[in-house]
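Residue numbers (the numbering used here): 115 to 486.
Ideal Cβ placement from N, Cα and C applies to all residues, glycine included.
Right, one structure below, let's go through it.
Right, dumping it as structure tokens:
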């Protein structure tokens with residue numbers, strides 16, 4: 115070999131990746147949700163083959179995930195101009211319209227997709243969900259039921275249908291549908307707490323307690339299950355147990371207005387008035403609330419702190435349009451807790467002190483006459 119040949123410069127430029135290689139790598143990045151990297155690879159491929167259907171659909175998917183809906187639409191529509199039956203474009207463009215809250219247009223595209231692939235339960239679920247968003251509830255329910263014919267255990271269809279039934283106030287049906295999910299996924303925490311709440315709502319308290327306890331075995335500090343279990347104890351008048359459970363929530367959060375109000379009621383029923391007052395006052399730090407305010411009025415009246423009771427009473431009556439309705443609610447609150455005499459004491463004090471709201475004072479006079 116001629117030694118001079120060793121001095122011939124070699125081309126060190128790496129070979130240009132093929133469109134197929136770019137497409138494969140871009141798809142891998144897309145599946146890994148590394149969208150920026152996937153976009154660069156798809157763009158490189160499209161520079162070489164601008165009408166490549168795999169690259170266009172992939173670029174459409176990436177842009178949709180990144181929120182660039184205009185570019186995603188452009189890619190999908192280019193595909194559909196060449197092939198009106200392109201499944202990736204029909205499904206992807208429908209997903210874009212769903213993101214843009216243009217559900218009717220999305221449904222039309224997905225229906226074209228299903229004409230070509232009739233039993234794609236994922237696209238069928240998209241249609242059902244969109245009908246639900248559009249409040250076309252009969253169509254949504256029908257769509258979910260169609261999915262369950264071909265896939266009786268499909269989680270998305272079952273939870274979508276149960277959520278729809280829940281929204282429509284069909285609590286018994288919602289419970290049964292959610293329980294179908296729990297048959298094959300018994301530790302689904304979110305569903306356990308929802309079913310517990312629904313059982314509570316239909317006054318099936320023992321059943322509600324079982325579901326809340328199941329949830330707490332999975333996550334002992336779950337606030338929804340703790341709140342629900344406390345409500346079960348409250349219903350059975352086990353107020354000390356209710357407070358104990360609710361206090362677990364307050365170890366990790368500030369709680370809610372409803373929680374502090376119910377704790378106030380529980381303390382009140384146990385005769386622990388200082389703690390009840392603290393809980394009602396805490397509830398009011400979240401904003402105006404009829405129930406915690408009524409609780410304070412009852413508490414001050416029970417302790418014959420008439421000035422404080424009157425002050426909070428007129429706070430409750432500050433909304434003149436709802437004053438009489440609020441007075442009725444307060445009266446029921448007094449009578450429900452067995453405070454007939456405390457209520458009469460407050461009403462007599464209010465009449466003797468007078469006030470500017472004659473409608474309320476006249477109604478109080480009528481209330482006294484009906485109770486004496």
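The beta carbons of residue 258 and residue 283 sit about 17 Å from each other, so the pair does not count as a contact at 8 Å. In terms of Cα proximity to residue 469, the closest of 428, 452, 201 is 428. Excluding residues up to 5 positions away in sequence, 454, 457, 458 lie with their Cβ nearer than 8 Å to the Cβ of residue 485 in the same chain. By the criterion of a C-beta distance shorter than 6 Å, residue 401 is surrounded by no residue of its chain, once the five residues flanking it on both sides are discounted. Around the beta carbon of residue 431, a 10 Å sphere encloses 16 or more other beta carbons of the protein chains shown; the residue is thus reported as buried. When DSSP states are grouped into helix, strand and coil, residue 389 belongs to the helix group. The C-alpha of residue 330 lies about 15 Å from the C-alpha of residue 296.
Per DSSP, reduced to three states, the secondary structure at residue 337 is helical. Exposure of residue 467 is indicated by the presence of fewer than 16 other C-beta atoms within 10 angstroms of its C-beta. For residue 445, the secondary structure class from DSSP, reduced to helix, strand or coil, is helix. Secondary structure at residue 357: helix, using DSSP grouped into helix, strand and coil. Its Cα nearest to that of residue 263, the residue 232 stands out among 244, 285, 232, 277. If you look at residue 483, you'll find it in the alpha helix (DSSP H) that goes 472-485. According to the DSSP assignment, residue 285 belongs to the alpha helix (DSSP H) that extends over 285-298. Here DSSP, grouped into helix, strand and coil, assigns residue 242 to helix. Non-local C-beta neighbours of residue 370 in its own chain, meaning closer than 6 Å and more than five positions away in sequence, are absent.
Contact between the segment 314-329 and the segment 340-356 is present, with at least three C-beta pairs closer than 8 Å. Ranked by Cα distance from residue 389, the options 413, 266, 436, 363 are led by 413.
Segment contact: the segment 413-425 against the segment 348-367, fewer than three CB-CB distances shorter than 8 Å; contact not assigned.
DSSP assignment within the segment 152-218 yields the following whole alpha helix (DSSP H) runs of 4 residues or more, N-terminal first: 167-180, 183-196, 201-213. Assigned with DSSP and collapsed to three states, residue 235 falls in helix. Annotation for residue 256: the continuous alpha helix (DSSP H) segment containing it runs 251-264. Taking a 10 Å sphere around the C-beta of residue 301, we find fewer than 16 other C-beta atoms and assign the residue as exposed. Looking only at 342, 287, 136, the smallest Cα-Cα distance to residue 157 is reached by 136.
Look at residue 142 here: in three-state DSSP terms it is helix.
Per the coordinates, the alpha-carbon of residue 155 lies some 11 Å from the alpha-carbon of residue 162. Under a 10 Å Cβ-count criterion, residue 298 is classified as exposed, with fewer than 16 other Cβ atoms of the shown protein chains found around its own Cβ.
Per DSSP, the unbroken alpha helix (DSSP H) holding residue 466 starts and ends at 454-467.
Taken through DSSP and simplified to helix, strand or coil, residue 370 comes out as coil. Residue 379 and residue 424 have their C-alpha atoms roughly 20 Å apart.
Annotation for residue 384: no alpha helix (DSSP H) segment contains it, and DSSP assigns it neither H nor E.
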